[in-house]
Amino acid sequence: MSSSGHPQGGLFSANPPRLAETGNPNMTELLSPLEWVFVILLGLVPLVGLAFHLWVMLAGHGKPNPDDAD
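Residue numbers (the working numbering): -5 to 64.
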């Protein structure tokens, strides 16, 4: 601590502390393995939905074309 009672090396100081010195957890310590499964699942669901909707729009999901009714 400095003579003013404030800790040195704060966020806005000229020499901020390094990440390892602050005791902040790394990514594996933030969530449990089961929580990471849900995070990955929540990230994959929209991507799979986007791929499915593009496939339906572009491939036509087997719907007959009305122009082929001749």
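From the three backbone atoms N, C-alpha and C, an ideal C-beta is built for every residue, glycine too.
For a test of the three-state rule: what should DSSP assign to residue i, helix, strand or coil?
i, result
"LEU38", "helix"
"PRO27", "helix"
"PRO54", "With the sequence shown as reference, residue 54 is identified as Gly, and Pro is not the correct amino acid for it. In the structure shown, GLY54 sits in a helix (DSSP, three-state: H, G or I)."
"GLY43", "helix"
Ends of the alpha helix (DSSP H) at residue i?
i, result
"LEU24", "21 to 24"
Is the beta carbon of residue i sitting closer than 9 Å to the one on residue j?
i, j, result
"VAL33", "LEU25", "yes"
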